[in-house]
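What follows is a set of notes on a single structure, which appears directly below.
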Amino acid sequence: MARKRRPRDHDGPDHHGIRRQAAGAGRRMSLHPALAAGKTAVITGAADGIGLAAARTFRELGLNVVMADVTGRKLKQEAEAIGAVAAPTDVADRAAVEALKAVALEKFGAVDVLMNNAGVGGGGDAFAGDDAWKRILDVNLWGVINGVQVFGEEMALSGRPGLIINTGSKQGITQPPGDTAYNVSKSAVKALTEGLAHTLRQTEDCQVTAHLLIPGYTFTGMTRRGPGGKPDAAWTPEQVVHFMLARIEAGDFYILCPDNDVSRAVDERRMAWAMGDIIENRPALSRWHPDWKDAFASFASSGVNKL
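Shown next, in the form of structure tokens:
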């Protein structure tokens, strides 16, 4: 059966963030103390896309970087190109994540930044097979849980400034139909990261902060289809990372990234409608329900210029 094109609520940064970056060109941005030169970052899903862009940016800032991914050859090439450490890792395997931590500690003695970015797509709907669901949840959810549990507590108790950044998705909030397994995994990452932020706040003398990165439409290995260039609507991974750093410096927990097609105002209306399904006792996913499509369109267009 042909796969229907899903509504584009997926993963990009705020246009104001772009302008702020441009205005600050040539001026070094004030950064979180965990991003100081000589600190150490561990990034999963680092061989491509947002993870690779983060690795390059962190190296430019003078951080030591340990890059983790399942794609060993490309990972090694990219790490060598920027002077980072390559650590082939299946984040779904707790022992492999423990080994990743051992590599980082052996090389650099401590971890100051953890970016749980590894992810996969293509899980399918509620009736998709066990294998598809298991793969999605093992990587997208358990990969993040493994990272948080293997690295997080030691970081929290160290007394040093630190960052834990988990990559979520707009789909984990608005729940567009057709990618239910993916949506479930990213909804769970949101809940996990919110709970982590609370735990860190409650930990005595903890200087580690947690952040949920919510990309917009970003041109990455996961979203790339065919040999063509970047679509006009998409942001580059570098734009996402620059926006992320600016919002971390501003103290944001939810790093909600627009793109060249969807503004923050549109995202806010979509998310408000999704929550309204519960408050207003509408049908599940009413945005895509034939009896509610017109009402959603009217709501979404009110106060914004573009859907």
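Take the sequence shown: its letter number 55 is residue 55 in full-length UniProt numbering, and every next letter is one higher.
Virtual Cβ for every residue (Gly too), placed ideally from N, Cα, C.
By the criterion of a C-beta distance shorter than 8 angstroms, threonine 199 is surrounded in its chain by Ala156, once the five residues flanking it on both sides are discounted.
If you draw a 10 Å sphere on the C-beta of lysine 107, you find fewer than 16 other C-beta atoms in it, and that means exposed.
Annotation: leucine 285 to methionine 271 spans about 11 angstroms, alpha carbon to alpha carbon. In the three-state scheme derived from DSSP, where H, G and I count as helix and E and B as strand, threonine 199 is classed as helix. For proline 258, the three-state secondary structure derived from DSSP is coil.
In this structure the segment 142-159 touches the segment 95-115; the number of beta carbon pairs closer than 8 angstroms is three or more. Between isoleucine 43 and alanine 34 the beta-carbon gap is near 13 angstroms, outside 8 angstroms, which marks them as no contact. Only exposed fits glutamate 80, as fewer than 16 other CB atoms lie within 10 angstroms of its CB. Contiguous alpha helix (DSSP H) elements confined to the segment 69-147 occur at 72-82, 94-108, 130-136, 142-147, taking only those with 4 or more residues.
Secondary-structure assignment with DSSP links histidine 211 through a beta bridge to Ile165. In the three-state reduction of the DSSP assignment, threonine 218 falls in the strand class, which pools E and B. Going by C-alpha positions, alanine 295 is about 29 angstroms away from alanine 188. The three-state secondary structure of alanine 46, taken from DSSP, is coil.
Here DSSP, grouped into helix, strand and coil, assigns tryptophan 292 to coil. Under DSSP, tryptophan 235 forms a beta bridge with Thr218. Three or more beta-carbon pairs separated by less than 8 angstroms are not found between the segment 246-253 and the segment 64-79, which leaves the two stretches without contact. Under the 10 Å beta carbon count, serine 169 is surrounded by 16 or more other beta carbons and is classified as buried. Nearest Cα to tryptophan 288 within the set Pro176, Val266, Gly229, Val208: Pro176. Bridge partners of methionine 271 according to DSSP: none are assigned. When only Cα atoms are considered, threonine 174 and valine 184 end up about 11 angstroms apart. When only Cα atoms are considered, glycine 124 and aspartate 130 end up about 10 angstroms apart. When the five nearest sequence neighbours on each side are left out, the beta carbons in the same chain lying within less than 6 angstroms of the beta carbon of aspartate 205 are those of Gly159, in order along the chain.
When secondary structure is reduced to three states using DSSP, asparagine 183 falls in the helix class. Collapsing the DSSP output to three states places alanine 36 in coil. By the beta-carbon neighbour count (other beta carbons within 10 angstroms, threshold 16), serine 302 is exposed.
In this chain, the alpha helix (DSSP H) harbouring alanine 156 covers 153-157. A distance of 9 angstroms or more separates the beta carbons of valine 103 and valine 150. For glycine 172, the uninterrupted alpha helix (DSSP H) run begins and ends at 171-174, by DSSP.
Nearest C-alpha to isoleucine 50 among Ala95, Met115, Ile278, Val139: Met115. Taking the C-beta atoms as reference points, glutamate 194 is found no nearer than 9 angstroms to leucine 213. Rounded to the nearest whole angstrom, the C-alpha separation of glycine 83 and arginine 282 is 53 angstroms. Sixteen is the threshold: since fewer than 16 other Cβ atoms of the shown chains lie within 10 Å of the Cβ of aspartate 232, the residue is exposed.
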